Every structure is written in C-alpha cells, then in structure tokens.
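For the sequence shown, our numbering begins at 5 and goes up steadily by one.
We treat Cβ as the ideally placed atom computed from N, Cα and C, and that holds for glycine.
Since this is a predicted model, take the numbers as computed values, not measurements.
I have placed the structure first, in the form of structure tokens, so that the comments after it can refer back to it.
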Amino acid sequence: MAEKTSSAKKWIGFGCLGVVVLSCVGMIVLMVVASNAVAGIDGASVACAGQPVPGAPAYVPGGPQRVLAFQHQESGNWSYAGTLFPHEFPDAESAEEATLVACFEPESSAVEIETCNYHGGYVVRRYQFHRPVRVMAASTGQLVREMDITGDAPAACPEQVATGGGGGGVSVRLLGIPVATLGEEDPAPTEQDQVGSAVSARVVGDALRDLVLP
C-alpha cells in the first residue's frame, strides 16, 4: 500500500510539473507571437519618413480605413503607439493591412500663455504644449492630412505659491493680494500641460473621424 501511495504521489508530482512546463511554454509562445506582431506593424513606420509601405493597400478617400499610429522617439526611430489613437478607429493588425499611418511628432517646445506676477518680484509662467501629427497614405508615403494637438490650458495662476524647498519654503501671493512672507528662491512654474494619451486620442478622434470612418 505504501508503494502505491508513493507511486501515486510521484505521478501527481510529474503532472504538476507538466502543467508548469506547458504554462511556461505557452507564455513564451504568446510573447514570441506578440513580438512578431509588433515587428510586422513596425514596418509601416517608413510612411512617417515619406516612404511607401510595401504591400499596403491603396488609400481610397471616403472608404473604410485601417490605421496604424507611431510616435517619434529621441533616438530618431518611430515606435508603435496605439494608445495615442482613438479605440473606435479600426487598427490594422499588420503593415500590409494599413491604408493610413498616423505619425505623432515629439511634443514641441512649450508655448508661454500667461505670466503670473507675485509680490517681491516673483514670476510664475504658465506653459502649454503642442504636438504635430501627420497622417500619411501607407501605399505611397504621401501626406493626406496634418494637424496640431493643443492640450488643455494648465491651471490658472494660483493665488499663492510656495517658494524654497526642503520643507522650509514660505509663500508669496499674487499682486493685488496682501503680501505674505517672502523667500529667497523663485517659485516653481505651474504644471506644464502635457499632450498625453488621453488628450491625443480625444483630439485626434474629433479631427480625423471624417477621414477614417466611412
């Protein structure tokens, strides 16, 4: 009886090990498939350089489009950026399926939209980012449309800002508001408005809906 019990435990152990091995193999296969899919998609990034995507179908205005989105990296390369594009837009699964390629340029230099003047000569500047986007015909690499994404304006000038750092800062108030104690360091600028994924998807969706959706 003891030998049968030991044998049963051994087979159970082998079975568990087999499940673990199969799970690991499955994960590796999925990773390889995903990697190959991204590699296939990345082939469409040549359209951002004005080059045709080999095998891509012709862009027919007014027809249903399948789109791939890419963003420009500091390295100079283009990487797949599906999150910058609206979810309801048809996304191609390979470079050969894409009729349009959306190329998101880097955020441009921040544009100063307002200066906040505080007692004691302190100044806080409010900035806003812009991000150019070009939509290219995949089969030809020719420009179809271009646009500029402007993020929502950052918060208005705060009535009071902290100066200094390390927990030892004091505060100053906007001109026209009673003076508070002044510090020696300039206050930090208000938050710059980043053109992130949510803003990009919303603005692009509004601007390109007529181009992408029939």
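Between the CA atoms of residue j and residue i - distance to the nearest angstrom
i, j, result
"Ala96", "Ala114", "33 Å"
"Ala62", "Asn81", "25 Å"
"Arg70", "Leu104", "6 Å"
"Ala48", "Ala102", "8 Å"
"Tyr126", "Ile117", "17 Å"
Per-residue burial, residue i [other beta carbons within 10 Å of its own, 16 or more giving buried]
i, result
"His91", "exposed"
"Gln146", "exposed"
"Ser201", "exposed"
"Arg130", "buried"
"Leu72", "buried"
Backbone secondary structure at residue i - three-state DSSP
i, result
"Thr87", "helix"
"Leu118", "Note on residue identity: the sequence assigns Glu, not Leu, to residue 118. Of the three classes helix, strand and coil, the one that applies to Glu118 here is strand, per DSSP."
"Ala106", "strand"
"Val57", "coil"
"Ala48", "helix"
"Arg129", "strand"
"Leu215", "helix"
"Ala239", "As shown, the chain starts at 5 and ends at 218. That puts residue 239 outside it, with no answer to give."
"Gly209", "helix"
"Ala99", "helix"
Residues sharing a beta bridge with residue i, DSSP
i, result
"Pro136", "Asp152"
Test item: CB-CB of residue i and residue j under 9 Å
i, j, result
"Val137", "Leu215", "no"
"Ser112", "His134", "yes"
"Thr87", "Ala205", "yes"
"Gly44", "Glu100", "yes"
"Phe93", "Leu217", "yes"
"Ser83", "Asp46", "yes"
"Val57", "Ser143", "yes"
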